[in-house]
Structures are given as C-alpha cells and as structure tokens.
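Visitor:
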Amino acid sequence: MDEKKLIDGLKKKKVWAYEVLYDEYAPRLGSVVKSYLGYDDVEDVIQEVFIKVFKNVRKFRGDAKLSTWLYRIAVNVCKDTLVKRKRNNEFLTDFRESEDKATFEPPATTNVFREVMDEISFEELMSVVERLAEDDRLLIKLRDIDDLSYEEIADILDKPVGTVKSRLHYARKRLKELLEEVGYIG
Numbered sequence: 001m002d003e004k005k006l007i008d009g010l011k012k013k014k015v016w017a018y019e020v021l022y023d024e025y026a027p028r029l030g031s032v033v034k035s036y037l038g039y040d041d042v043e044d045v046i047q048e049v050f051i052k053v054f055k056n057v058r059k060f061r062g063d064a065k066l067s068t069w070l071y072r073i074a075v076n077v078c079k080d081t082l083v084k085r086k087r088n089n090e091f092l093t094d095f096r097e098s099e100d101k102a103t104f105e106p107p108a109t110t111n112v113f114r115e116v117m118d119e120i121s122f123e124e125l126m127s128v129v130e131r132l133a134e135d136d137r138l139l140i141k142l143r144d145i146d147d148l149s150y151e152e153i154a155d156i157l158d159k160p161v162g163t164v165k166s167r168l169h170y171a172r173k174r175l176k177e178l179l180e181e182v183g184y185i186g
C-alpha cells in the first residue's frame with residue numbers, strides 16, 4: 001500500500017488504515033521488542049506502541065519513513081519498560097561478555113549472522129543471539145535480519161550513523177565470539 005495514503009488514513013482515524021498498519025507492522029515490531037526485551041511483555045509493549053501511534057499520528061510530519069517512526073517509538077517504549085523494570089527491581093539477566101580480553105581478534109565487519117545461517121538453523125542461531133545484550137540484539141535485528149540501512153537505524157535510535165556502525169561492529173564481534181564459544185564457528 002502507498003505509504004502516503006496509509007498516513008492520510010491514519011490521520012483521518014480510518015479503521016482500515018489502523019488494520020493495515022497493525023497487519024503490516026505488528027510482527028516486525030514484535031520482533032524488535034523480543035530482541036530488546038526478550039519474550040516478556042511483548043504484547044503489552046506492541047499495544048503501547050500502537051496507542052502512541054494512535055495518539056500522535058497527527059504530529060507525524062513525514063520527515064522519515066513511517067517504518068522508521070514506528071521502530072523509534074517501539075525502541076523508546078522498550079527503553080521505558082526497562083527503566084520501569086529496574087525501578088521495580090525486577091530481575092533482568094545480562095549476558096554481556098567482558099571486553100577486557102587481552103587477545104587480538106580480527107574485526108567482525110562482515111555480517112556474521114548471514115554467514116552462519118548457511119551452517120546452522122535459524123532457531124540455533126537465535127538462541128545464541130538471545131545471549132547478547134539488549135542493544136546488541138537490537139542492532140543485529142535491525143541491520144542483519146530486517147536489512148535496514150545504517151541511516152534508518154540511526155534515525156530509529158536517534159544516534160549518529162558512525163555510532164551505529166561502530167556499535168554494530170562490536171555487536172557482530174560479540175556475536176562471533178559467542179558462536180565460537182558454542183562451537184558453531186571456529
């Protein structure tokens with residue numbers, strides 16, 4: 001569907017537009033939420049994202065693509081959810097690897113995710129990806145699974161493109177280390 005027509009329908013509060021929006025984006029946003037928060041609260045967060053869209057669609061100026069705006073709302077809701085969890089002292093597991101290793105390893109500039117997909121199943125790979133920190137999982141998801149551009153990711157995360165590239169580089173490096181650790185690559 002034409003994005004402009006969809007946005008016009010959303011701004012006019014047309015039911016068909018919200019149905020199309022939900023059908024088109026809920027699965028993708030759910031995937032981002034899962035990569036950021038794990039499997040907890042996914043449906044609640046998606047619902048909150050669509051409520052924010054409903055309340056704020058008139059403010060959408062179209063400076064970015066609709067999908068970029070939606071992803072950004074989803075990431076912000078995820079961040080708010082993490083803050084609430086921490087404030088309520090809810091248990092969160094962080095599997096972040098130590099970065100003070102003395103060994104030199106070649107930079108992980110390639111898409112480790114795609115390289116390994118030929119060797120192991122998607123489920124096996126995702127079980128390793130789940131061990132990454134929230135920010136790393138999100139970057140891998142947006143770039144390597146959803147195939148978003150660096151510019152789109154920068155807009156979603158409200159970070160400079162260089163920062164996105166740098167963080168993705170290190171996220172891929174950590175993913176490669178985890179894959180080596182479990183024996184999927186060597």
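Heads up: the sequence shown at position 50 corresponds to 50 in UniProt numbering, and the numbers run straight through without jumps. Cβ coordinates follow ideal geometry from the N, Cα and C atoms, glycine included. Just so we're clear, the structure is a prediction, and the values are computed from it rather than from any experiment.
Any contact between the stretch 48-58 and the stretch 11-23? By contact I mean 3 or more CB pairs, one from each, below 8 Å.
Guide: yes
Visitor: Can you give me the C-alpha to C-alpha distance between V83 and L37, rounded to a whole angstrom?
Guide: 11 Å
Visitor: Output needed for R143: all residues of its chain with C-beta closer than 7 Å, excluding positions within five of it in sequence on either side, in chain order.
Guide: Hits under 7 Å: I153, L168.
Visitor: Taking only three categories from DSSP, how would you classify D136?
Guide: D136 falls in the helix class under three-state DSSP.
Visitor: Can you have a look at G183 and say buried or exposed, based on whether 16 or more other CB atoms are within 10 angstroms of its CB?
Guide: Result: exposed.
Visitor: Taking I73 and V45 to be in contact with their CB atoms under 8 Å, please state how far apart those CB atoms are, rounded to whole angstroms.
Guide: Rounded, the Cβ-Cβ distance is 10 Å, inconsistent with contact.
Visitor: Between the beta-carbon of I145 and the beta-carbon of S31, is there less than 9 Å?
Guide: With respect to the 9 Å criterion, I145 and S31 are classified as neighbours on the basis of their beta carbons.
Visitor: Going along the chain, which residues of its own chain have a beta-carbon closer than 7 Å to the beta-carbon of A26, five neighbours each way excluded?
Guide: I46
Visitor: Just curious, the alpha helix (DSSP H) that G162 is in, first and last residue?
Guide: 161-181
Visitor: Between D63 and E181, what straight-line distance do the alpha-carbon atoms span, to the nearest angstrom?
Guide: 43 Å
Visitor: Please name the residue in V75, D41, K34 whose C-alpha comes closest to that of K52.
Guide: Nearest in C-alpha terms to K52, of all of V75, D41, K34, is V75.
Visitor: Which residue from D41, E43, I7 puts its Cα closest to that of residue 199?
Guide: The requested residue 199 is not part of the displayed model; the chain covers only 1 to 186.
Visitor: Is L139 near V164, with beta carbons less than 9 Å apart?
Guide: yes
Visitor: At what residues does the alpha helix (DSSP H) containing F60 begin and finish?
Guide: That residue, F60, is in no alpha helix (DSSP H); it is neither H nor E in DSSP.
Visitor: In whole angstroms, what is the alpha-carbon distance linking Y170 and K5?
Guide: C-alpha separation (whole angstroms): 39 Å.
Visitor: Within the continuous alpha helix (DSSP H) that includes residue 216, where are the two ends?
Guide: Past the edges of the chain, shown from 1 to 186, lies residue 216, and the structure says nothing about it.
Visitor: Tell me whether G30 sits in a helix, a strand or coil according to DSSP, three-state version.
Guide: DSSP, read as helix, strand or coil, puts G30 in helix.
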